[in-house]
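Protein chains in written order, with the numbering used here: chain A, 453 to 1046; chain B, 271 to 460. A short write-up of the structure that comes next.
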Amino acid sequence: MSEKIMMSGNEAIARGVWEAGVHVAAAYPGTPSTEILENIGALYKDDIYCEWSVNEKVAFEVASGASIGGARAFCAFKHVGMNVATDPIFSMGYAGVNGGLVFVTADDPGCWSSQNEQDNRWYAPHTKIAMLEPSDSQECLDFVKAAYELSERFDTPVMIRVTTRVCHSKSLVRLGDRKDVKVRKYKSVPGKFALLPATAIARHPIREQLLRDMAEYGNDCSFNRTEGKKDAKIGVISSGISYQHAREAFGDDAAFLKLGLTYPFPEKLVKEFCSRHETLYVIEENDPYLEMHIKSLGFTEIHGKDQIPECGELNAAVLRRALFSEEPGKTYHVEAKAPARPPTMCAGCPHRGFFLALSGVLDRVVPAGDIGCYGLGSQPPFNGFGFSLCMGAGFSTLVGLSKALEKQGDPRKAIGMLGDSTFFHSGITSLIDIVSSESNVIACILDNSITAMTGHQENPGTARNLMGEPSPVVDIVALVKACGIDDDHLRVVDPVDLKAIRSALSDAIAAKGPFVIVTKRPCVLIKEVAKANGTRHAVIDPGMCIGCGMCMKVACPAIAFKDGRSVINDGSGCTGCGLCTQVCPVGAISIVEE
Amino acid sequence: MTKSILLIGVGGQGTILISRILSSGFAEMGFDVKMSEIHGMSQRGGSVTTMIRYGDEVHSPNFGDAEADVIISFEKSEAVRALPQLKKGGTVITDDYEIFSVPVLTGASEYPFDALDQLRAEVPNTIVIEAYRAAEKLGNSRCQNIVLLGKLVNTMGWDEHVDWKALVAANVPPRTVDINLRAYELGYNM
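So this is what it looks like as structure tokens:
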């Protein structure tokens, strides 16, 4: 195969995993990493066992088990997902591998869909694991394949660090064939994988030696290269997507050191490069990871974060402005302003009913949110919660929050909400903490039967797995009961039944001790659900509508207020969920099928 | 010389599909090409953008303000949002189609109904078509993106070395090939 095709970084990583002869792949979805496992599931499942694990820690442990067992293994997550997975990653950093073990961290400079722009390159030295940084789709494929050779040669997991613009950019890629890799024999190696204190302390010096060996390798390997004008006055050091922006900003008048293997740091190579050029720049997004290493080698005059912003994404224009004081380009201006267009809950979204009901009791509760589509409920007009931290925190924070409220004599009750996938991910342990601490809080599971925000991935509640096979359903309500919630402290309701959800909230606020509300209704974007909804939609009788605007409080993209009357938008995607019919005081809205 | 194109619309309008077709076309012309999408939360009715860059050798997949040679907007207020990214002398092709965001629906934000008059007055190369309405009349409003593609290819004179219709046929769902080819013709001749 020599024809080049357009591929995103994520598609190319998936292809690289397949070409490398990988046997097992596991991940938890998270933008911008999700399409890697989606592609493996869609295209390569005949050769690769693949799964959506319940969380990133589990995914990395699944991959670690496969590696220890002798298979080539792969794992992927977004940057904050790596925080969840670091416990076993640190251990595997000491233990090393049997079959090659490679994982991807997909960072999100610019915070396009994340709670922070943490720079995961620091994890490489921290976990003592080799790191590669591809800068386009071809490198994504090539680096993944090479990473497996590196992993098995140096007995180390290898971390591939990519960013949103690498994952979600498409460029031309030349494909190869799948390598036939035999699964290595599982051997119990004394003192290698069983990390007890006595064995772990013995592994440490072995690890340090491997890092020195890899650093030596990094000084002369195909991942790191110099290019551009050899005798240029200006020398530029960069890695990942920043290299592409640097190439564009500096043009042909500079020499470039393009680093692909950025941990262990190739000190000798960098020193040689720095000594050859008079003025040095290090170009990197977010943190000064390369810069600090280079400065520690004695090149303290190097330019980097003294000029380039730490926050947000880079592009060539940002660099030219920061480094060469280039004036912004000329453009056009009009008076008209584009209206705010934040992402919103879809028409028919089951979360809308929950947040509409919650907005009516905000004087009696203090709400905590979590990560998922229901995060959209924090926006006006619902203002559904005031804080959210990370997966599962929507429940665990309630324990401490309720104590703080009690101690200040605040009678309001702490209430938290998270989705089905988040409950499986890390809400279960949080619920157990609520039960065992007998916290006087309300924990709500908004079950829409899918991992929705990242684009509909399967989870233990969906009855189907990543490989398209039927899978057993883990019953959320049974789990809640097993955690110690009795029937008196549990309500299972349809979130579009406003009366039911309001009464559940009111019972929960009146109750003492841990209380759980499970709302059950599948996401309207699930194909089968959309099909079942058919042509059902709302109609508003213009003769009956009194223009009171009550239905606008539902904040549904399907309803507009025009000339003093409510109307259903054409092409609005109304699913006929009927939430608006329940708030209309004159019964002007009805659901029809046509 | 690298050329930069910005596509902007509202989540679900099909910006990514025509980005894919355009990228394939530029590759067929022998150019290096990169395309950058932003996914994630923007899918939920938010504003979505795709950047395409082509030339002899393309490095960055994304670009900054005042660097777009062409903006294709699927919704008229989105053309206004994208305007700071257009370089002087650049071209705006926009659909005269309105989608009200939730802040507009609830009255928290105002919709710029006169956006196109202002655009026409300020940007000499402003081209306004009714792609959504045309696609709707054709029988499927989802072909709006292909109507816009036809207009774009004709406006930019990109049809010399590429069989765009073949690319459309290869990239749309099989049972919608016919209607999309008609949508392309329609846009091309608008």
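Even glycine gets a Cβ: it sits at the ideal position worked out from N, Cα and C. Source: prediction; values computed, not measured.
If I measure Cβ to Cβ from residue i and keep anything under 7 Å in the same chain, skipping five residues before and after, which residues do I get?
| i | result |
| --- | --- |
| K304 of chain B | R323, V328 and P331 |
| K964 of chain A | N892 |
| N738 of chain A | P561, E569, D571 and E762 |
| V432 of chain B | G295, E298 and M299 |
| G533 of chain A | Y480, G482 and E508 |
| V1006 of chain A | R804, L808, L1031, C1032 and V1035 |
Could you check what DSSP says for residue i in three-state terms: helix, strand or coil?
| i | result |
| --- | --- |
| M453 of chain A | Note that M453 of chain A scores 44 on pLDDT, short of 50, meaning its location in the model is unreliable; the coordinates nonetheless yield the value given after this. The answer is coil: DSSP assigns M453 of chain A none of H, G, I, E or B. |
| L451 of chain B | helix |
| A799 of chain A | coil |
| P540 of chain A | helix |
| K1014 of chain A | strand |
| K273 of chain B | strand |
| D571 of chain A | coil |
| K964 of chain A | coil |
| S289 of chain B | helix |
| C1029 of chain A | coil |
| Y826 of chain A | helix |
| G457 of chain B | helix |
| K421 of chain B | helix |
Identify the contact partners of residue i in chain A, using a Cβ-Cβ distance below 9 Å as the criterion.
| i | result |
| --- | --- |
| M271 of chain B | Within 9 Å Cβ-Cβ: nothing; M271 of chain B doesn't reach chain A, min ~12 Å. |
| Q388 of chain B | V786, E787 and A788 |
| L356 of chain B | T783 and Y784 |
| F370 of chain B | P791, P1009, A1012 and N1021 |
| V254 of chain B | No answer is possible for residue 254 of chain B: it lies beyond the span of chain B, which begins at 271 and ends at 460. |
| E348 of chain B | A790 and R793 |
Leaving out the 5 sequence neighbours to the left and right, which residues in its chain are closer than 6 Å to residue i when beta-carbon positions are compared?
| i | result |
| --- | --- |
| E736 of chain A | S694 and L742 |
| I636 of chain A | Checking the displayed sequence, the identity of residue 636 of chain A turns out to be Arg instead of Ile. These residues qualify, in order along the chain: G522, N550 and G551. |
| S347 of chain B | P382 and A385 |
| A511 of chain A | A478, A479, Y480, S505 and C527 |
| D1047 of chain A | Nothing in the structure corresponds to residue 1047 of chain A, since chain A is present only between 453 and 1046. |
| N900 of chain A | P802, P974 and C975 |
| V610 of chain A | V554, A582, A599, L602 and S603 |
Cβ closer than 7 Å: which chain A residues qualify as neighbours of residue i?
| i | result |
| --- | --- |
| T376 of chain B | P833, M1004 and A1007 |
| S266 of chain B | With chain B covering 271 to 460 only, the question about residue 266 of chain B has no answer from this structure. |
| D384 of chain B | A788 |
| S274 of chain B | Here the premise fails: no neighbours, minimum Cβ distance about 10 Å. |
Name, please, each residue of chain B whose Cβ falls closer than 9 Å to the Cβ of residue i.
| i | result |
| --- | --- |
| L775 of chain A | The contacting residues do not exist; L775 of chain A stays about 13 Å from chain B at best. |
Please name the residue, chosen from the options, that lies closest to residue i on a Cα-to-Cα basis.
| i | options | result |
| --- | --- | --- |
| P832 of chain A | B:C413, B:S371 and B:P382 | B:S371 |
| E471 of chain A | A:D629, A:I886 and A:V1044 | A:D629 |
| Y546 of chain A | A:L593, A:E585 and A:A650 | A:A650 |
| G517 of chain A | A:G482, A:D499, A:D498 and A:H475 | A:H475 |
| S274 of chain B | B:A385, B:Q388 and B:G360 | B:G360 |
| F776 of chain A | A:I492, A:G703 and A:A990 | A:G703 |
| P947 of chain A | A:C1029, A:S923, A:I867 and A:R1017 | A:C1029 |
| F462 of chain B | A:A479, A:K685, A:I457 and A:C801 | Chain B is shown only over 271 to 460; residue 462 of chain B falls outside these bounds and no answer can be derived. |
| L422 of chain B | B:V362, B:R390, B:Y367 and B:K358 | B:V362 |
| L437 of chain B | B:R290, B:V280 and B:G279 | B:R290 |
| I1048 of chain A | A:V817, A:T987 and A:Q909 | This structure cannot speak to residue 1048 of chain A, because chain A is shown only from 453 to 1046. |
| T783 of chain A | B:V340, B:G427, B:K407 and B:I288 | B:V340 |
Please tell me whether, using a cut-off of 7 Å, the distance from the CB of residue i to the nearest non-hydrogen atom of the ligand PLP is below it.
| i | result |
| --- | --- |
| S460 of chain A | Questions concerning the ligand PLP fall outside what the structure shown contains, since it holds no ligand whatsoever. |
Note down, in chain order, each residue of its chain lying with its Cβ closer than 8 Å to the Cβ of residue i, except the 5 sequence neighbours on either side.
| i | result |
| --- | --- |
| F725 of chain A | T678, G687, I689, A707 and L709 |
| A654 of chain A | G643 |
| S379 of chain B | S371 and P373 |
Residues of chain B with CB closer than 7 Å to the CB of residue i, please, in chain order.
| i | result |
| --- | --- |
| Q590 of chain A | Those do not exist, as Q590 of chain A stays about 11 Å from chain B at its closest Cβ, beyond 7 Å. |
| E700 of chain A | H329 and S330 |
Residues of chain B with CB under 8 Å from residue i, in chain order?
| i | result |
| --- | --- |
| V770 of chain A | G334 |
| T796 of chain A | R314, G315, G316, S371 and V372 |
| H697 of chain A | H329 and S330 |
For residue i, go through chain A and note every residue whose CB falls closer than 8 Å to its CB, in chain order.
| i | result |
| --- | --- |
| L353 of chain B | T783, Y784, H785 and V786 |
| V280 of chain B | R793 |
| L297 of chain B | For clarity, residue 297 of chain B is Ala in the given sequence; the question names Leu instead. Ordered by position in chain A, the residues that pass the 8 Å Cβ test against A297 of chain B are K456, M458 and L624. |
| S379 of chain B | P791 and A792 |
**Request:** Could you pull out every unbroken beta strand (DSSP E) segment of at least 3 residues lying fully inside the segment 650-716 of chain A, listed in chain order?
**Result:** Listed in chain order, the complete beta strand (DSSP E) runs (minimum 3 residues) inside the segment 650-716 of chain A are 677-680, 686-691, 706-711 and 713-715.
**Request:** Could I get the ranges of all uninterrupted alpha helix (DSSP H) runs contained in the segment 580-639 of chain A, with 4 residues as the minimum, in chain order?
**Result:** Fully enclosed alpha helix (DSSP H) runs of 4 or longer: 589-605 and 616-619.
**Request:** Give, in chain order, every unbroken run of the alpha helix (DSSP H) that is at least 4 residues long and sits entirely within the segment 330-404 of chain B.
**Result:** Taken in chain order, the whole alpha helix (DSSP H) runs of length 4 or more contained in the segment 330-404 of chain B are 346-352, 372-375 and 385-392.
**Message:** Quick check on the DSSP output: what are the complete alpha helix (DSSP H) runs of length 4 or more inside the segment 841-897 of chain A, in order along the chain?
**Reply:** Those alpha helix (DSSP H) runs which fall completely within the segment 841-897 of chain A and span 4+ residues are 845-859 and 880-888.
**Prompt:** Which runs of the beta strand (DSSP E) spanning at least 3 residues fall entirely within the segment 455-485 of chain A, listed in chain order?
**Reply:** For the segment 455-485 of chain A, whole beta strand (DSSP E) runs of length 3 or above, ordered along the chain, are 456-460 and 476-479.
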